[in-house]
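One rule links them: number in the working numbering = place in the sequence shown (from 1) + 42.
Idealized CB from N, CA, C, for every residue including glycine.
In this text the structure is predicted, and so the values were computed from the model without any measurement.
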Amino acid sequence: MSRKFFVGGNWKMNGDKASLGELIKTLNSAKLDPNTVEMTIAPHTCVVKQQQNKEGHVSVIRARINGWLTQLYSEVVCGAPSIYLEFARTKLDPKIGVAAQNCYKVKGGAFTGEISPAMIKDVGVHWVILGHSERRWVFGETDALIGQKCAHALENGLGVIACIGEKLDEREAGITEKVINAQTKHFADNIKDWSKVVLAYEPVWAIGTGKTASPAQAQDVHDKLRQWVKANVSEAVANSVRIIYGGSVTGGTCKELGGMKDVDGFLVGGAALKPEFVDIINAKQ
């Protein structure tokens with residue numbers, strides 16, 4: 043099955059309005075691969091809502107432009123700091139999606155510092171990154187909590203970029219497959235509908251280190267992960283779910299990585315803050 047290429051940029055805790063504004067100008071003016079970013083026009087009498095395409099895995103956002111309703115398949119998504127979510131959504135071309143970098147597992151309450159899926163949607167954002175290695179290892183989030191957050195986000199209409207990955211000592215111990223399968227199980231136990239889920243494999247040993255898994259290493263892990271989904275969820279989900287790579291992807295490494303059979307895109311860190319992010323978006327050209 044052909045799976046549409048997906049590129050997420052994780053800005054992490056970086057930037058201000060000035061610097062992010064310049065980055066947004068670069069993205070808005072860039073010629074992006076139409077196979078990664080799509081826009082179609084429909085009469086404004088259509089119902090405004092989120093939909094999926096015929097393959098059931100593309101989130102759709104609609105916005106009014108000059109009296110017409112624009113249906114946007116958001117396959118390029120920028121993960122902005124929470125304080126800049128509305129700024130990013132307002133300034134970015136509507137065909138580029140925006141993601142929160144975290145959310146909590148309930149609608150609201152006495153949870154200082156947290157944001158909810160309802161709040162994220164209220165500012166026009168339709169994606170969230172969950173389970174990122176920095177949330178796991180810096181902030182101590184457990185597999186169980188991440189799974190609960192995923193369930194709540196999906197129930198409230200957000201698309202989820204669900205992150206999994208092993209640390210260096212786990213890779214050296216030969217337990218990569220065991221670790222990522224255990225992490226994926228906590229997501230799978232909480233997901234009823236996979237149509238709004240993108241799995242992101244991020245080898246922790248490659249994040250921010252300048253190291254990158256070889257294309258063969260990435261393909262091997264992605265293939266085994268897809269086989270796990272086939273055996274433990276369903277063959278249909280295994281065929282349709284996109285598995286993207288998130289280990290220090292750059293403009294120089296993206297084309298070879300993107301050519302792997304089971305690498306369906308990227309979750310990009312540092313390079314997402316640079317003009318080379320455009321090259322990564324266009325990796326399949």
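CB-CB length for residue i against residue j, believed under 8 Å
i, j, result
"residue 123", "residue 143", "7 Å"
"residue 167", "residue 134", "Actually they do not touch by this definition, with Cβ atoms about 11 Å apart."
"residue 245", "residue 208", "6 Å"
"residue 74", "residue 323", "5 Å"
"residue 45", "residue 284", "5 Å"
"residue 171", "residue 215", "So it is not a contact: roughly 27 Å between Cβ atoms."
"residue 125", "residue 173", "Between residue 173 and residue 125 the Cβ distance is about 22 Å, and since that is not below 8 Å, they are no contact."
"residue 47", "residue 306", "6 Å"
Chain-order list of residues whose beta-carbon lies under 8 Å from that of residue i (same chain, five-residue window excluded)
i, result
"residue 146", "153, 156, 157, 158, 191 and 194"
"residue 179", "209 and 246"
"residue 213", "245 and 247"
"residue 231", "189"
"residue 148", "158 and 194"
Test item: CB-CB of residue i and residue j under 8 Å
i, j, result
"residue 35", "residue 78", "Residue 35 lies beyond the range of the chain shown here (43 to 327); nothing can be said about it."
"residue 203", "residue 255", "no"
"residue 315", "residue 56", "yes"
"residue 238", "residue 187", "no"
"residue 296", "residue 262", "no"
"residue 211", "residue 265", "no"
"residue 336", "residue 270", "Any answer about residue 336 is impossible in this case: the structure gives the chain only from 43 up to 327."
"residue 175", "residue 249", "yes"
"residue 163", "residue 199", "yes"
"residue 130", "residue 185", "no"
"residue 169", "residue 139", "yes"
Own chain partners of residue i with C-beta closer than 6 Å, once the 5 adjacent residues on each side are dropped
i, result
"residue 85", "In this prediction, residue 85 scores a pLDDT of 37, lower than 50, which makes its location untrustworthy; no coordinate-derived value is stated."
"residue 318", "293"
"residue 311", "52"
"residue 68", "317"
"residue 61", "none"
"residue 72", "320"
"residue 63", "none"
Any non-hydrogen atom of the ligand ADP within 7 Å of residue i CB
i, result
"residue 230", "Here there are no bound small molecules, and the ligand ADP is not part of this structure."
Spatial neighbours of residue i in its chain, beta-carbon cut-off 7 Å, leaving aside the 5 residues before and after
i, result
"residue 300", "325 and 326"
"residue 272", "280"
"residue 253", "247 and 290"
"residue 251", "290"
"residue 228", "185, 186, 188 and 189"
Bridge-paired residues (DSSP) for residue i
i, result
"residue 309", "50"
"residue 172", "204"
"residue 288", "DSSP lists no partner for residue 288."
"residue 148", "DSSP lists no partner for residue 148."
"residue 241", "204 and 285"
"residue 120", "51 and 140"
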